[in-house]
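The listed protein sequences derive, respectively, from chains A and B.
Just so we're aligned: the first sequence equals residues 10 to 552 in the working numbering.
Just so we're aligned: the second sequence equals residues 10 to 552 in the working numbering.
Using N, Cα and C, we set each Cβ at its ideal position, and we do this for glycine too.
Model, not experiment: these values are computed from the prediction.
Worksheet: one structure, shown below.
Protein chains: 2
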Amino acid sequence: MPVNPFEQHLPKTPANYQPMTPLSFLARAAAVYPDHLAVIHGSLRRTYSELYARSRKLASALAQRYIGVGDTVSVMLPNTPEMIEAHYGVPMTGAVLHAMNTRLDAAIIAFQLDHANTKILIVDREYADVMREALAIAKVAPLVIDVDDKEFPQDAERTSYDDYEAFVASGDPEFGWRMPNDEWDAITLNYTSGTTGNPKGVVYHHRGATLMCYSNVLAANMTKHPVYLWTLPMFHCNGWCFPWTLSSVIGTHVCLRWVRADAIYEAIAEHDVTHLCGAPIVMSTLLNAPKEQQRALPHVVEFVTAAAPPPEAVLAQMANAGFNVTHVYGLTETYGPAVVNEWHSAWDSLDAAQQAARKARQGVKCAALEDLTVMDPDTMQRVPADGETLGEVMFRGNIVMKGYLKNPKATDESFAGGWFHSGDLGVMYPDGYIQLKDRSKDIIISGGENISSIEVEEVLFKHPAIELCGVVAKPDEKWGETPCAFIELRSGHTASEDDIIAWCREHLARFKCPSRVIFREIPKTSTGKIQKFRLRDMAKEID
Amino acid sequence: MPVNPFEQHLPKTPANYQPMTPLSFLARAAAVYPDHLAVIHGSLRRTYSELYARSRKLASALAQRYIGVGDTVSVMLPNTPEMIEAHYGVPMTGAVLHAMNTRLDAAIIAFQLDHANTKILIVDREYADVMREALAIAKVAPLVIDVDDKEFPQDAERTSYDDYEAFVASGDPEFGWRMPNDEWDAITLNYTSGTTGNPKGVVYHHRGATLMCYSNVLAANMTKHPVYLWTLPMFHCNGWCFPWTLSSVIGTHVCLRWVRADAIYEAIAEHDVTHLCGAPIVMSTLLNAPKEQQRALPHVVEFVTAAAPPPEAVLAQMANAGFNVTHVYGLTETYGPAVVNEWHSAWDSLDAAQQAARKARQGVKCAALEDLTVMDPDTMQRVPADGETLGEVMFRGNIVMKGYLKNPKATDESFAGGWFHSGDLGVMYPDGYIQLKDRSKDIIISGGENISSIEVEEVLFKHPAIELCGVVAKPDEKWGETPCAFIELRSGHTASEDDIIAWCREHLARFKCPSRVIFREIPKTSTGKIQKFRLRDMAKEID
């Protein structure tokens with residue numbers, strides 16, 4: 010081998026190599042725009058200088074309690090200023106932030122605290138009751154710190170005697186926070202919702218979080234000083250990394266304790282919001298709000314949505330209301346959305362149905378993802394890009410998780426063959442856009458034929474009386490499984506089971522039509538995803 | 010040491026770790042927006058699909074000539090489509106791109122070709138004469154490929170029988186280009202202008218180039234689909250990495266063979282240009298163009314400038330003409346501008362002189378730079394942020410070069426103490442913005458007192474008759490050195506040496522005033538920088 014001159018004495022030194030971390034974005038924002046408004050919450054206002062100082066005080070106070078590399082700090086917080094501070098203050102000590110879904114039950118909370126080996130737990134008083142219950146079950150006994158939201162006072166009995174404001178006040182605003190030793194070091198821990206078995210702890214690192222920030226700016230088409238409304242829970246994939254992204258563009262966080270239509274419209278109008286993210290449920294909330302709560306938007310507002318493709322009617326209504334909707338897709342394992350439905354201006358001239366069909370596709374890899382494909386998981390060969398051949402959606406790149414905490418088997422399985430296996434089934438179109446067709450377990454196999462529950466749902470969604478629907482497999486002696494539809498009707502509309510089945514027969518092959526239609530409220534996760542595993546349980550009980 | 014659970018079995022795999030490279034941005038752009046206009050040059054139009062295919066063909070043709078890791082491909086090209094292709098095609102083989110300044114003389118070209126050990130040389134016919142001369146001197150004998158620009162035919166005799174179009178045509182558009190083995194691998198080589206001794210070969214890597222792309226998008230406030238006019242030479246720090254940046258935002262390159270006012274105004278108007286970059290000379294070219302060449306701008310155009318702070322009058326004229334000027338600063342060693350004069354909207358209400366004073370400061374670190382400071386190079390202590398204490402500007406971070414090729418001594422010296430030593434002298438203001446005061450060698454030491462040549466120039470620039478000026482040290486028996494001013498007058502204006510000296514005495518301490526004033530054309534580099542070393546040579550000869 011000849012010597013490569015470009016490898017001779019060109020070493021990594023502190024001058025030309027530093028670990029990437031999103032924490033640096035906050036330090037820069039505070040240095041360059043100290044007086045720019047960083048956080049709005051009720052009547053509270055904090056500048057970047059204040060946000061940075063408070064984050065360092067939190068880090069300092071944690072470090073005084075011996076929190077550092079290898080430790081976990083867990084939080085259960087709504088989208089309040091404390092949650093933003095935790096995204097900086099905890100990793101500033103070298104520790105890992107574990108943000109919990111605020112709708113978890115005590116058993117799951119206890120499992121997560123034990124699995125994460127939580128040393129310190131910060132909890133908003135709204136969740137004090139369930140947290141006390143969880144702590145009674147958990148094996149770990151973390152130091153518990155209560156957050157009292159003075160803007161929206163809560164009256165549940167406190168969990169502990171330690172108060173967040175006093176805790177932060179004990180810290181040093183000049184605390185010399187630590188850069189990660191390596192950009193591969195863990196920054197956060199997010200548990201999957203785990204519809205089967207115990208949830209898995211997804212570990213994020215500083216490198217991925219930093220690249221996700223840059224990628225978010227491109228995907229959301231952000232310029233300097235955006236105003237971002239927190240309709241997406243920050244506990245969900247760390248709010249798709251937007252708590253850090255905002256610092257890179259010196260934006261303003263508009264906190265939102267509860268996702269309610271009046272508060273959203275008010276915030277957009279009063280704070281000149283430019284961007285918000287959320288599940289389809291947020292769009293429904295906005296569109297179905299009483300007229301007196303709705304306010305005119307100051308300009309086109311960017312709405313980034315995930316979890317389910319936005320239906321045609323919703324897209325039209327959102328456009329009418331002044332929102333530009335971008336559809337994205339990802340998993341907890343990919344730091345949130347790593348796939349974006351990149352819109353082509355040429356598609357603007359398509360009719361509404363065609364536009365909705367384009368928008369319903371999940372899209373293409375975002376800038377920081379190296380590769381995205383659909384493969385046969387047995388052969389690890391890419392399926393033909395024909396829009397029809399079903400395969401498993403696979404990811405590869407720097408915004409794929411570090412792995413599952415204390416779960417070598419699941420980590421290895423998920424990365425088998427050098428690709429992250431999403432468990433989602435989809436197709437690839439000739440133009441390289443992917444579309445989800447179902448999660449493996451959501452496929453209904455009837456008489457040996459695969460039925461995509463999404464395909465049946467798409468037909469149902471076009472029925473004028475249907476507000477929301479979920480289709481799952483119902484065990485069947487003859488066919489193995491048949492589709493069973495759960496439906497929420499629009500207010501003021503009626504429809505019978507026979508009406509719905511007749512509608513489906515008009516639009517679907519007979520074997521794909523639901524054998525049963527159940528009218529009831531559909532169980533959803535806190536992020537608005539339909540809980541299909543609950544529907545499956547219900548379907549089993551139906552005669 | 011307790012075991013850190015966040016380090017147990019969470020390995021780097023191809024699924025979650027990939028080397029960063031800006032080449033991936035082009036692959037993505039071609040996949041997602043194959044029909045988007047990537048390149049405009051005269052009447053030529055190429056889409057992203059075509060740019061990607063041509064880059065892969067170039068890579069394939071190079072690989073067929075055994076070009077790969079460790080090899081250098083040198084180019085001397087104007088801002089034409091071939092130059093963009095070279096930025097992708099060459100690194101796609103694993104080789105390093107060496108882009109030469111098109112105004113170099115034969116001796117320097119020969120030095121660079123030998124030092125870089127050039128295997129293949131691609132040269133535009135405009136430079137055939139000097140290149141033949143250089144090749145006659147050089148020890149290396151690269152395969153030479155001529156570029157014939159059909160849009161702007163050149164009539165110099167060709168350098169070789171190998172034609173670029175035929176060479177590219179021999180390549181495979183489906184060539185499986187190689188990802189770098191490591192993101193620390195070299196991507197390009199840029200020689201410093203080297204005012205003393207031989208030029209140094211600055212090596213860039215894939216990691217830095219990728220991060221510079223993201224950082225450029227933030228600094229230039231780019232959204233999707235910008236239209237970028239090539240007034241900045243691509244041979245200069247690889248055009249500040251914009252040849253790659255444009256692919257990350259799926260922008261359009263508007264090529265420009267020669268930087269002429271009519272062509273610039275025409276391009277802006279016809280192609281709806283959103284961004285351009287360049288030295289102050291480009292601003293002068295635009296502002297001093299004959300009225301009949303000037304065209305109204307379609308919207309505010311972003312102009313990013315470096316090399317010298319824009320004077321107040323120029324800023325006012327640029328604003329009048331419809332440009333928003335952003336001042337940036339960097340060195341070849343920092344991939345181009347790593348410092349940006351981040352503008353505060355509050356400064357919009359300052360008067361013109363105050364705004365110009367703010368804009369004259371070089372600014373703050375850009376997002377991808379980890380740290381920027383001003384230090385006493387002996388003690389490596391930061392100077393007080395008082396806007397007065399002079400020190401050396403120091404950089405640290407991932408957009409600092411890999412080092413100098415085959416120059417361990419210079420590499421080690423430049424990175425001494427874990428910081429890149431810029432050789433530029435400056436101050437830091439209380440708000441963290443830095444301002445250059447001089448390069449070390451541009452300081453004039455008169456009677457033991459330091460005189461900043463920039464300070465004297467600032468006073469001269471305010472004289473109504475002065476178009477351009479450069480101040481350097483002139484040896485002096487009594488004082489050691491005294492300032493000597495070189496001046497270009499505005500057309501239609503006159504001024505005598507005594508007038509100018511009197512003007513300086515009004516505004517400067519007497520010892521800082523020029524002892525001599527010379528009226529003549531000032532020598533400049535091809536990027537518009539005043540060649541102070543030439544002025545110093547001239548000053549020595551003056552009685």
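DSSP assignment within the segment 61-129 of chain B yields the following whole alpha helix (DSSP H) runs of 4 residues or more, N-terminal first: 90-98, 115-125. Across the segment 101-129 of chain A, CB contacts with chain B closer than 8 angstroms involve V105, N126, in sequence order along the chain. In this structure, P87 (chain A) and T111 (chain A) form a Cβ contact; the two beta carbons are roughly 6 angstroms apart against a cut-off of 8 angstroms. Beta-bridge annotation (DSSP): R405 (chain B) is paired with B:D380. Excluding sequence positions up to five before and after E160 (chain A), its CB lies within less than 7 angstroms of the CB of H50, G51, S52, L53, all in the same chain and listed in chain order.
Taking CB atoms only, S358 (chain B) has no neighbour in chain A less than 8 angstroms away. The shortest C-alpha to C-alpha distance from R525 (chain A) to any of A:F542, A:K541, A:K549 is the one to A:K549. Interface with chain B (8 angstroms Cβ-Cβ cutoff): Y223 (chain A) is included. Setting aside the 5 residues that flank it on each side, A394 (chain A) is surrounded in the same chain by M437, Y438, P439, G441, each with a C-beta closer than 7 angstroms to its C-beta; the list follows chain order. Put simply, the backbone Cα of Y136 (chain B) is about 29 angstroms away from that of L296 (chain B). A Cβ-Cβ separation of about 6 angstroms places Y213 (chain B) in contact with M410 (chain B) under the 8 angstroms criterion. At least one C-beta of chain B is nearer than 8 angstroms to the C-beta of F15 (chain A). Around the beta carbon of N329 (chain B), a 10 Å sphere encloses fewer than 16 other beta carbons of the protein chains shown; the residue is thus reported as exposed.
By the neighbour-count criterion, in which 16 or more other beta carbons inside 10 Å mark a residue as buried, Y75 (chain B) falls on the exposed side. Here K533 (chain A) has I290, I539, Q540 as same chain residues with Cβ atoms under 8 angstroms from its own Cβ, once five neighbours each way along the sequence are excluded. Residue ranges of uninterrupted alpha helix (DSSP H) with 4 or more members, entirely inside the segment 241-318 of chain B and ordered along the chain, are 246-249, 251-257, 270-280, 289-296. When A:T219, A:H234, A:P346 are compared, the shortest CA-CA separation from L32 (chain A) is found for A:T219.
Note that the C-beta distance between V226 (chain A) and T261 (chain A) is not below 8 angstroms. In this structure, the CA atom of G185 (chain A) is about 37 angstroms from the CA atom of T201 (chain B).
Residue pairing by DSSP puts G412 (chain A) in a beta bridge opposite A:V212. When Cβ-Cβ separations below 8 angstroms define contact, W239 (chain A) makes no contact with chain B.
For T56 (chain A), the enclosing beta strand (DSSP E) starts and ends at 53-56. Annotation for T341 (chain B): no beta strand (DSSP E) segment contains it, and DSSP assigns it neither H nor E. For L324 (chain A), there is no enclosing beta strand (DSSP E); the enclosing alpha helix (DSSP H) covers residues 321-330.
Q302 (chain B) and M327 (chain A) have their C-alpha atoms roughly 46 angstroms apart. It is roughly 5 angstroms from the alpha-carbon of R216 (chain A) to the alpha-carbon of M29 (chain A). Within chain B, no C-beta atom comes less than 8 angstroms from the C-beta of K446 (chain A); the nearest is roughly 21 angstroms away. Looking at the DSSP output, F429 (chain B) bridges to B:F404.
For P417 (chain B), the enclosing alpha helix (DSSP H) starts and ends at 417-423. Under the 8 angstroms Cβ criterion, the segment 63-77 of chain A counts as touching the segment 96-107 of chain A, having at least three qualifying pairs. When Cβ pairs closer than 8 angstroms are counted between the two stretches, the segment 511-521 of chain A is seen to touch the segment 467-486 of chain A, the count reaching three or more.
Under the 8 angstroms criterion on CB atoms, N190 (chain A) is classed as non-interfacial with respect to chain B. Shown here for H107 (chain B): same chain residues with a beta carbon closer than 6 angstroms to its own, the five before and five after excluded, namely T81, S83, A125, L198 in chain order. N25 (chain A) belongs to the set of residues whose beta carbon lies under 8 angstroms from a beta carbon in chain B. Here the C-alpha atom of Q364 (chain B) lies approximately 7 angstroms from the C-alpha atom of W356 (chain B). Closest option to N333 (chain B), judged by alpha-carbon separation, among B:A419, B:A347, B:A229, B:L477: B:A229.
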